[in-house]
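Colleague:
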Amino acid sequence: MKTDLPPQPSEPGLRRMLDEAVMDCTPPAFPREGIVRRAAAIRRRRRLAAASVAALLLIPVAGKLALDQDASSSRTVSGADSPTTLSSASSETGDAPSPVRVVRPGERIDVGLGMWYLLKKREYCPKHPLDPKPSCVGPLDVDQPGVPMALSWYPFPQGVVSVFVYTGKTPATRITMTQHGRTTLLPLVRLPGRPSFVSSYAISAPVGDDERKRLVRPTQGPVFRVYGADGAELAEMRQ
């Protein structure tokens, strides 16, 4: 009959052999350098991604700023849209003749503030920015005119645009606009071979909000005068 006995201590030689075997099993070195390199690479990738996103977000802002700057520059250099401009194409001189421009029938003549007009043989046709097409005035009696001048005016906050024609028998060589004691020389625009049928345009001082909204003729509007080659006044019309 067997009995349970306490465990017997191991042999001293076996213990020494086991200790030597454990000492020969050197654990692998900790991969510190590789971990550091991988962490640095991950940080570089994250910084690059963040910089790319920031650049993409800034592109629309930069584009908008550039557009705003371009728009501001275009408004600054556009003399025709300036509130202080009294005429879109004029200069003050003594008795010098008006600068002459000969245009083809239907050719666009820019006035300023978005306005332009064209000439036909017996009509002039102003184009307002809000109108889909020019509105023609005429036919005018250019052979035996009764009233030798016809005028259309359009109030804007920056000024009042006037487009008018002279249909007198005597050819015009000088057209002026007088307002608030200042006389301004205006351009003379006509068709080929039609020296007695001429047109002109101007931008005069702004009117009050009430006059502009009600389209009331300005009380202090300019006076337009037409002169011949001898300096004699041929016609006069108030805006």
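Just so it is clear: in the sequence shown, position 160 is 426 by the working numbering, and no numbers are missing.
Virtual Cβ for every residue (Gly too), placed ideally from N, Cα, C.
These numbers were taken from a predicted model, which means no experiment stands behind them.
(1) Please go through the segment 364-410 and give each complete beta strand (DSSP E) segment of 3 or more residues, from N-terminal end onward.
(2) Out of P421, V426, P365 and V464, which one is the CA nearest neighbour of L452?
(3) Where does G425 fall in DSSP's three states?
(4) Applying the criterion that 16 or more other CB atoms from any shown protein chain within 10 Å of the CB defines a buried residue, is P421 buried or exposed?
(5) P371: buried (16+ other C-beta within 10 angstroms of its C-beta) or exposed?
(6) Just how far apart, CA to CA, sit A471 and H446?
(7) Mapping the DSSP letters down to three states, classify R304 as helix, strand or coil.
(8) Going by Cα to Cα distance, which pick from R388, L379, V368 and S401 is closest to V427?
(9) Counting only the same chain and skipping the five closest in sequence on each side, list residues whose C-beta sits under 6 angstroms from that of F463.
(10) In terms of residue numbering, what span does the beta strand (DSSP E) encompassing F463 cover?
(11) Using only the alpha-carbon positions, how far apart do V489 and A468 sit?
Modeller: A quick look at the data gives this:
(1) Correct list: 366-368, 375-378, 381-385 and 390-393.
(2) Considering only alpha carbons, the answer is P365.
(3) DSSP places G425 in strand when its eight states are reduced to three.
(4) The residue is buried, with at least 16 neighbouring Cβ atoms inside 10 Å.
(5) Exposed: under 16 other Cβ atoms inside 10 Å.
(6) Within the model, the alpha-carbon separation for A471 versus H446 is close to 9 angstroms.
(7) In the three-state scheme derived from DSSP, where H, G and I count as helix and E and B as strand, R304 is classed as helix.
(8) Checked all of R388, L379, V368 and S401; the closest Cα to V427 is L379.
(9) Close CB contacts of F463 within its chain, under the 6 angstroms cut and outside five residues either way in sequence, are with V408 and T433 (chain order).
(10) Element bounds for F463: n/a, residue is neither H nor E.
(11) V489 and A468: Cα-Cα distance of roughly 11 angstroms.
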